[in-house]
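**Student:** Letter 205 of the sequence shown, counting from 1, is numbered 204 in numbering that gives the first Met the number 0, and no numbers are missing.
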Amino acid sequence: MNNSRSLTWIGWTLTIAVVLFSTIFVIAQRVYENEELNNNRDRMKLKVFDVTNTAFNNLCDIKYASLKEQIKNIKNGKYGAPHINSNPKEQLKYIIKSLNESLCAILSYDDYKLNSDEMYVCIHYNFPGKNEKWFLAECIFEERNISNDELLGADSTFNKLLKSREDLLFYNSKEEARKKRAYVPDSEDQYDEESNLKGSIGCYRIQVIHNNVTCVNAVISFVTYSKRFVIKTIKTL
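Written out as structure tokens, the structure is:
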């Protein structure tokens, strides 16, 4: 951080890298605990590191290209050198895209494949030092229209996570989550022939802390609508 307590581009890059890695690793670790995937756990772990390594390399390439372009413009006199070389909105878009692709790659195994267009990933964040309002980060996907009231509703997965001591709340079955009053269906949801919800839902909580003070709260939500994360029905992780 610099003296104004704003993140430098190095700080942003490291923060994004840590968030990306920790999210993928925690979710993958929980999923691979299921007996259906136990036999392939070693291979799956290698896949986790391969996927995250690729995501990190792409992040660095994008950052390097962006900095080169800024340096070129500064040298040509188009504008002065900025105090912070960072574009958080674009970096958040990239982290959402990387999370989507990485999670789909990790959750695809044997003859089961989860495509990136079959998973929706979003990030909500707030600044507890200012107020309790939650914001939705811009992303590459078509946004689901959900109000703050719905997001924080008593039966939402998001709200259940905020009230939980756990950082990860993960239901392989949305129907199971709904029955436990931990999921509220939306207009995008699909149902089977028995009118049970299809798909899975998960939320992962992250806090950015500086000098023992929480500066940012963030919740990454990852949802499927037609397929589950794991084919076999499993307990809540």
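Positions of the beta carbon are idealized from the N, C-alpha and C atoms, including for glycine.
#1: Go through the segment 103-158 residue by residue and report every complete run of the alpha helix (DSSP H) that reaches 4 residues or more, in order.
#2: Enumerate in chain order the residues of its own chain whose CB-to-CB distance from Ile208 is below 8 Å, with the five nearest sequence positions on each side excluded.
#3: Among the residues of its own chain, which have a CB less than 6 Å from the CB of Ala181, if the five just before and after it don't count?
#4: How many angstroms separate the CA atom of Tyr190 from the CA atom of Leu113?
#5: Does the separation of the CB atoms of Tyr119 and Glu68 fall below 9 Å?
#6: Ile122 and Ala136 look like a contact to me (Cβ under 8 Å); what is the Cβ gap, rounded to whole Å?
#7: Mind checking who Tyr203 pairs with in its DSSP beta bridge?
#8: Going by the beta-carbon positions, is the gap between Asn99 and Ser115 smaller than 9 Å?
#9: Let me confirm a value: Val222 is counted as buried when at least 16 other C-beta atoms fall within 10 Å, else exposed. Which label applies?
#10: I believe Asn227 touches Asp166 by the beta-carbon criterion, under 8 Å. Please report the beta-carbon distance rounded to the nearest angstrom.
#11: Leaving out the 5 sequence neighbours to the left and right, which residues in its chain are closer than 7 Å to Ser225 when beta-carbon positions are compared?
#12: Taking C-alpha atoms, which residue in Leu102, Tyr108, Ser146 and Trp133 lies nearest to Gly201?
#13: Is DSSP giving Tyr93 helix, strand or coil here?
#14: Who are the near neighbours of Tyr124 in its chain, counting only those whose CB is closer than 8 Å to its CB and skipping five residues on each side?
#15: Are the CB atoms of Ile230 and Tyr111 nearer to each other than 9 Å?
#16: I want to check one thing, is the minimum distance from the CB of Leu167 to the heavy atoms of the ligand ZN below 8 Å?
**Tutor:** Put simply:
#1: 147-150
#2: Cys214
#3: Thr156 and Lys159
#4: 18 Å
#5: no
#6: 4 Å
#7: Leu167 and Ile219
#8: yes
#9: buried
#10: One detail in the question is off: residue 227 reads as Arg in this sequence, not Asn. So it is not a contact: roughly 22 Å between Cβ atoms.
#11: Glu117, Gln189, Lys197 and Gly198
#12: Leu102
#13: helix
#14: Trp133, Phe134, Ala136, Val215, Asn216, Ala217 and Val218
#15: yes
#16: You won't find the ligand ZN in this model; it holds no ligand whatsoever.
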